[in-house]
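Read top to bottom, the protein sequences are chains A and B. Each residue of the first sequence is one higher than the one before, starting from 28 at the first, in the numbering used here. Each residue of the second sequence is one higher than the one before, starting from 497 at the first, in the numbering used here. Positions of the beta carbon are idealized from the N, C-alpha and C atoms, including for glycine.
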Amino acid sequence: MSNLLKNTSLSVNTADKIISETLHKCDDGELYLEDTKFETVTLDDNKIKSSDYSTDTGYGFRAITDDVIAYSHSNEISEESLKKSSESLKSILKSKNGTYNFSIKKTNQKFYNDIDPIETKSLNSKIELLNSMNEYSRSKDPSVKQVSASFIGEKKNIEILRSGGELLQDSRPLVRINISMMVEKDGRKEIAVYGVGGRQSYDEYLKDGSWKKLCDEAFRVATTNLKSKPSPAGEMKVVLGPGWPAILIHEAIGHGLEGDFNRKKTSAFHNLVGARVASEGVTIIDDGTIDNRRGSLNIDDEGTPTEKTVLIENGILKNFMQDRLNARLMNTKSTGNGRRENYKHIVLPRMRNTIMLSGNHTQEEMIKSVNKGIFAVSFGGGQVDITSGKFVFNCTEAYEIIDGKIGAPLKGATLIGDGPSSLKEVLMVGNDMMLDPGIGTCGKAGQGVPVGVGQPSLLIDNMTVGGTKL
Amino acid sequence: MIKEKDYLSTVADQCLSKAKKLGSTEASVLVMNSVSENVNIRNRKLDGSTRSENLGIALTTYIGKKKSSISSSNLNEKNLDNLIDRCVESTKIIPEDELNSLADKELYFKGDKNLDLYDETVLENQKKIDYINEAEEEAFSKKDIVNTNGSGFGQNKSNFILANSNGFSDGYKTSQFTAYCEVVSKNNGSMERDYEYSSKRFYDDILKPKDLGAKAAELALNKLNPKKIKSEKLNIVFDKRIAKSFLSALSSAISSSAIAKGTTFLKDKLNEKIFSDKINIQDKGDIKKANGSRYFDSEGVKIKPLDLVKNGDLKNLLVDTYNGKKIKMQSNGRSSGPTNLYFLNGSLSFKELINSNKRILYINETIGRGSNLITGDYSVGASGLMIENGDFSYPVSEITIAGNLNDIFKNISLADDLEFNYATNSPTMLVEGMIVGGK
Numbered sequence: 028m029s030n031l032l033k034n035t036s037l038s039v040n041t042a043d044k045i046i047s048e049t050l051h052k053c054d055d056g057e058l059y060l061e062d063t064k065f066e067t068v069t070l071d072d073n074k075i076k077s078s079d080y081s082t083d084t085g086y087g088f089r090a091i092t093d094d095v096i097a098y099s100h101s102n103e104i105s106e107e108s109l110k111k112s113s114e115s116l117k118s119i120l121k122s123k124n125g126t127y128n129f130s131i132k133k134t135n136q137k138f139y140n141d142i143d144p145i146e147t148k149s150l151n152s153k154i155e156l157l158n159s160m161n162e163y164s165r166s167k168d169p170s171v172k173q174v175s176a177s178f179i180g181e182k183k184n185i186e187i188l189r190s191g192g193e194l195l196q197d198s199r200p201l202v203r204i205n206i207s208m209m210v211e212k213d214g215r216k217e218i219a220v221y222g223v224g225g226r227q228s229y230d231e232y233l234k235d236g237s238w239k240k241l242c243d244e245a246f247r248v249a250t251t252n253l254k255s256k257p258s259p260a261g262e263m264k265v266v267l268g269p270g271w272p273a274i275l276i277h278e279a280i281g282h283g284l285e286g287d288f289n290r291k292k293t294s295a296f297h298n299l300v301g302a303r304v305a306s307e308g309v310t311i312i313d314d315g316t317i318d319n320r321r322g323s324l325n326i327d328d329e330g331t332p333t334e335k336t337v338l339i340e341n342g343i344l345k346n347f348m349q350d351r352l353n354a355r356l357m358n359t360k361s362t363g364n365g366r367r368e369n370y371k372h373i374v375l376p377r378m379r380n381t382i383m384l385s386g387n388h389t390q391e392e393m394i395k396s397v398n399k400g401i402f403a404v405s406f407g408g409g410q411v412d413i414t415s416g417k418f419v420f421n422c423t424e425a426y427e428i429i430d431g432k433i434g435a436p437l438k439g440a441t442l443i444g445d446g447p448s449s450l451k452e453v454l455m456v457g458n459d460m461m462l463d464p465g466i467g468t469c470g471k472a473g474q475g476v477p478v479g480v481g482q483p484s485l486l487i488d489n490m491t492v493g494g495t496k497l
Numbered sequence: 497m498i499k500e501k502d503y504l505s506t507v508a509d510q511c512l513s514k515a516k517k518l519g520s521t522e523a524s525v526l527v528m529n530s531v532s533e534n535v536n537i538r539n540r541k542l543d544g545s546t547r548s549e550n551l552g553i554a555l556t557t558y559i560g561k562k563k564s565s566i567s568s569s570n571l572n573e574k575n576l577d578n579l580i581d582r583c584v585e586s587t588k589i590i591p592e593d594e595l596n597s598l599a600d601k602e603l604y605f606k607g608d609k610n611l612d613l614y615d616e617t618v619l620e621n622q623k624k625i626d627y628i629n630e631a632e633e634e635a636f637s638k639k640d641i642v643n644t645n646g647s648g649f650g651q652n653k654s655n656f657i658l659a660n661s662n663g664f665s666d667g668y669k670t671s672q673f674t675a676y677c678e679v680v681s682k683n684n685g686s687m688e689r690d691y692e693y694s695s696k697r698f699y700d701d702i703l704k705p706k707d708l709g710a711k712a713a714e715l716a717l718n719k720l721n722p723k724k725i726k727s728e729k730l731n732i733v734f735d736k737r738i739a740k741s742f743l744s745a746l747s748s749a750i751s752s753s754a755i756a757k758g759t760t761f762l763k764d765k766l767n768e769k770i771f772s773d774k775i776n777i778q779d780k781g782d783i784k785k786a787n788g789s790r791y792f793d794s795e796g797v798k799i800k801p802l803d804l805v806k807n808g809d810l811k812n813l814l815v816d817t818y819n820g821k822k823i824k825m826q827s828n829g830r831s832s833g834p835t836n837l838y839f840l841n842g843s844l845s846f847k848e849l850i851n852s853n854k855r856i857l858y859i860n861e862t863i864g865r866g867s868n869l870i871t872g873d874y875s876v877g878a879s880g881l882m883i884e885n886g887d888f889s890y891p892v893s894e895i896t897i898a899g900n901l902n903d904i905f906k907n908i909s910l911a912d913d914l915e916f917n918y919a920t921n922s923p924t925m926l927v928e929g930m931i932v933g934g935k
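What follows is the structure, encoded as structure tokens:
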């Protein structure tokens, strides 16, 4: 039963009729319906700065023949609007001779509960907690000059109506709690941000005063950076800490293994399946099935159940991440990676939770083995050029390593590397795999989707550090 | 196509009167509609097409000094009623902030709207496809252009009404035509990509397809078989498309919100020298047909033309009502950020700029976020071309460039080749003495 058509003038029967007629002789396509509720409550500069609540409802109608996608979306869910979209799709796909694949695999897998996180915590208690975070942070030390904290909650209901009347549904909660803190001492200022989140209620992340840990962590990083010195410039050995630094994997190889870039042969990895792309001992998966994680999905945005996809096994490239379109054109099957930011966007193959599995080295061993290098503990964000393979990420907490020992903290620097070769430079894989705290958003083609990353500590032989000290 | 003023105004008025009825003392509402049609091609063949229709409202209600907001794309009357009810209920709970208010009535925009921001032209999809195909054809006519990341053409039309309980109610239509071409070059195992794009309010003003394709191809070809250089201090020339990013960093750092909170490296720099004497920066909303032009900001305040930097001195900030009160400055209509922000031309020619030293690194692409606006620290990944004795010598990639914006700003020299291609624009820029991280 469609819930999202219930309060509209469009009946399921009429929708079915328009969908089936429009998608006749198409290779694929569907009507995607979405209803999202979104809330942010922000404290900034000692004041509750805003409380914003929004709802967004709409549909995206997609028709595909061969490799051509026609798409039309609107937030007016009515017979008239859908018919207009249908006309627009048909005018684009003039000659079509495809075979619609009616069957879509179904499971009852659930990796998160159907809750509305906005409603499970009252506005009053959110305001109270934001005030507590502000007061607690400012009371830690007189150097704390600014605190900004926010609750960001979302409930997204989606429905996929396929030709022939098939209906697939998912209901997705998502929350984030963020804190950003600016400290100032002896004329120097530094800022640090920290946050947690995932697909469950806020309170799961706030149990037993654990909100204090968010403030403590932001404070620790900000004050560490007050003592930072200019970062060196040039090539050196890099030890990456566990967890967040897996942005490296996301940028360096994750994007390059998305099906679209490989079908189009614009990825530096497109002809490397079966080849060695990483050092022995490096295994990387993309997993949509971890309970309550930010990047997890019961089904993707085409209705395909998500799975745990092995991308690289012991250094050998095994699989790309696929949506239905790219899988069909590459004669393989969707891995449940078809995602979109919302109904306003077309589906693209996107990452979920991208993770490098543990090896058997300790972080201590790695640091001991480095004469001159840097130890990167946390990153802000990253970016990659898929075609040349060059990627960067920005350190937000890093230290120099001299003669096998951790030295002074370093000013935030950009690290740059080459995707296809960087994982071949992995010298040691740690035994301490950790997932990130659950606040990552990946951008591609103007669409942001929530993702997760994870990795153990890593020792990389050679990366270029963008510091100012020669 | 897009909704007309009467429809949008009616919705706006309904929202305001409903909010008032439920007990809000002041309110402000934005009702907007946009329709866009985009086509994408790949290897000179249709790849996809998207038609987008967006309609939405955003409402802020006040009860005294308490404030809360809602927004929605569902204009169904019952849904709106529920949301406005929710908004007013939330407003009652939010603690007071004595600085909350609508903008000062005296500052509202009044007058004629004659900036030519809307082009009536409607292009059939086939015409869009033909346009962008011609661009790819041109790119593929060059040796070693082997593939494309996709090229596209988009047409967007918008209309909106901004209204508030102080009696302000105004809006206008805007249009945007965008063409882009992104191609892949390949030679001796080296594969590179680059793009060119053009986005204008008027169809006739966008780059002609052949020029678009030729430029994208030239850029992608210039990058082939790059070298990594050693770490060293170099004079760097930034291509216009990168140079403008320093203006974006500046505009964030001089927003009244950053200044009020102290979260910017330019906190106490008003009326102080932050660039060298020869640098002048303006932000003007009233340039005809320009991408960044607007009549008023998101609070209805008219856009005041600003000399942000004059002879190197920071003379103005980007001020909105709320943060303006904190720093005791009147709003100058920048609650939506800068408008057309640009460096005035420098005195050197492009040739003089690239001949200013025997070795110059010309940067035309950066990746990564780059600027820390609290400390001014700047570090990005980059690629470009080595220039020796004024001639392009070889492409360079997988390097970083770093410095601090305080120093970078003081070491900027500008060429005399300013063009208004984007909302934020810079002539070609020379920055002396930046640190390059390489081998």
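So, is the C-beta of ASP735 (chain B) closer than 7 Å to a C-beta in chain A? So, not an interface residue.
Who are the Cβ neighbours of GLU181 (chain A) in its own chain at under 6 Å, not counting the five residues just before and after it? The answer, listed in chain order, is PHE65, LEU201.
MET28 (chain A) versus A:LEU195, A:GLN173, A:ARG203, A:THR41, residue with shortest Cα-Cα distance: Of all alpha-carbon atoms in A:LEU195, A:GLN173, A:ARG203, A:THR41, the one lying nearest the alpha-carbon of MET28 (chain A) is that of A:LEU195.
Counted within 10 angstroms of its Cβ, other Cβ atoms place HIS51 (chain A) as buried (16 or more) or exposed: By the 10 Å Cβ count, HIS51 (chain A) comes out exposed.
Buried or exposed (CB count within 10 angstroms, at least 16 for buried), ARG855 (chain B): Exposed is the call here.
Beta carbon of ILE640 (chain B), beta carbon of SER681 (chain B): below 7 Å? A quick correction: the sequence has Asp, not Ile, at residue 640 (chain B). Their beta carbons are under 7 Å apart, which means ASP640 (chain B) touches SER681 (chain B) by this criterion.
Would you please verify whether the beta carbon of ALA675 (chain B) is less than 7 Å from any beta carbon of chain A? No, ALA675 (chain B) lies away from the interface with chain A (no Cβ there is under 7 Å from its Cβ).
Cutoff 7 Å: MET209 (chain A) Cβ touching any chain C Cβ: Of the protein chains in this structure, namely A and B, none is chain C.
Inter-residue Cα distance where the pair is ILE931 (chain B) and LEU497 (chain A): Going from the Cα of ILE931 (chain B) to the Cα of LEU497 (chain A) covers about 8 Å.
Can you find the residues in the same chain that come closer than 8 Å, C-beta to C-beta, to PHE129 (chain A), ignoring five residues on each side of it along the sequence? ARG189, SER190, GLY191, GLU193.
For GLU616 (chain B), decide whether its Cβ has a neighbour in chain A, counting only Cβ atoms nearer than 7 Å. Answer no: the Cβ-Cβ gap between GLU616 (chain B) and chain A never drops below 7 Å.
Evaluate contact between the stretch 886-904 of chain B and the stretch 432-444 of chain A, counting only Cβ atoms and requiring at least three cross-stretch pairs below 8 Å. Judged by Cβ distances under 8 Å, the stretch 886-904 of chain B makes contact with the stretch 432-444 of chain A, as three or more pairs qualify.
In whole angstroms, give me the CA-to-CA distance for SER513 (chain B) and LYS609 (chain B). C-alpha separation (whole angstroms): 27 Å.
Given 8 Å, three or more beta-carbon pairs between the stretch 607-625 of chain B and the stretch 534-545 of chain B: At 8 Å Cβ cutoff, the stretches touch.
Quick one: measure Cβ to Cβ for ARG321 (chain A) and GLY467 (chain A), integer angstroms, because I've assumed they're closer than 8 Å. Between GLY467 (chain A) and ARG321 (chain A) the Cβ distance is about 7 Å, and since that is below 8 Å, they are a contact.
Three-state class that DSSP yields for GLY877 (chain B) in the structure shown: In this structure, GLY877 (chain B) counts as strand in the three-state DSSP scheme.
Residue of B:TYR604, B:THR920, B:THR557, B:GLY607 minimising C-alpha distance to GLU592 (chain B): Cα-wise, what sits closest to GLU592 (chain B) is B:THR557.
Which residues DSSP lists as bridging PRO259 (chain A), in chain order: PRO259 (chain A) pairs with A:LYS496.
Mind checking if TYR80 (chain A) is an interface residue toward chain B, Cβ cutoff 7 Å exclusive? Against chain B, the CB of TYR80 (chain A) has a partner CB under 7 Å away; the residue lies at that interface.
Within the continuous beta strand (DSSP E) that includes PHE656 (chain B), where are the two ends? Segment 641-660, the beta strand (DSSP E) holding PHE656 (chain B).
Using a Cβ-Cβ distance under 7 Å, would ALA898 (chain B) count as near chain A? At least one chain A Cβ lies under 7 Å of ALA898 (chain B).
Are the CB atoms of VAL223 (chain A) and PRO464 (chain A) within a distance shorter than 7 Å? The Cβ atoms of PRO464 (chain A) and VAL223 (chain A) sit closer than 7 Å to each other.
So is SER237 (chain A) buried or exposed if we call it buried at 16+ other beta carbons inside 10 Å? So SER237 (chain A) counts as exposed.
Under a Cβ-count criterion, where at least 16 other Cβ atoms within 10 Å of its own Cβ denotes burial, should THR134 (chain A) be classed as buried or exposed? The residue in question, THR134 (chain A), is exposed, as its Cβ has fewer than 16 Cβ neighbours within 10 Å.
Please list the residues of the stretch 681-712 of chain B that have a C-beta atom closer than 7 Å to any C-beta atom in chain A, keeping them in chain order. Against chain A - using a Cβ distance shorter than 7 Å - the residues of the stretch 681-712 of chain B are MET687, GLU688, ARG689.
I believe TYR918 (chain B) touches ILE883 (chain B) by the beta-carbon criterion, under 8 Å. Please report the beta-carbon distance rounded to the nearest angstrom. Between ILE883 (chain B) and TYR918 (chain B) the Cβ distance is about 24 Å, and since that is not below 8 Å, they are no contact.
If we count the other Cβ atoms within 10 Å of its Cβ and call it buried at 16 or more, is ILE218 (chain A) buried or exposed? With a 10 Å radius around the Cβ and a threshold of 16 neighbouring Cβ atoms, ILE218 (chain A) comes out buried.
Amino acids of chain B, ordered along the chain, whose beta-carbon sits closer than 7 Å to that of THR495 (chain A): Under the 7 Å cutoff, chain B gives ALA898, GLY899, ILE931.
Tell me whether the beta-carbon of GLU692 (chain B) lies closer than 7 Å to the beta-carbon of ALA716 (chain B). In this structure, the beta-carbon distance from GLU692 (chain B) to ALA716 (chain B) does not fall below 7 Å.
Chain A beta carbons: is any one of them nearer than 7 Å to that of GLY864 (chain B)? Chain A has a Cβ within less than 7 Å of the Cβ of GLY864 (chain B).
Using a cut-off of 9 Å between C-beta atoms, extract the partners of ALA440 (chain A) located in chain B. Within chain B, the residues near ALA440 (chain A) are ASP873, SER875, THR896, ALA898, GLY933.
Per-residue contacts from ASP168 (chain A) into chain B (C-beta, under 7 Å): The premise fails here: ASP168 (chain A) is roughly 16 Å from chain B at the closest Cβ pair, so nothing lies under 7 Å.
Taking Cβ positions only, does THR250 (chain A) come closer than 7 Å to chain B? Chain B, which has no Cβ nearer than 7 Å to the Cβ of THR250 (chain A), makes this no.
Which class does PHE673 (chain B) belong to by DSSP, given the choice of helix, strand or coil? Reduced to three states, the DSSP call for PHE673 (chain B) is strand.
Less than 7 Å between the beta carbons of TYR370 (chain A) and TYR59 (chain A), yes or no? Yes, these two residues count as a Cβ contact at 7 Å.
Alpha carbon of ARG697 (chain B) to alpha carbon of LEU910 (chain B), nearest angstrom: Taking the straight line from one Cα to the other gives about 27 Å.
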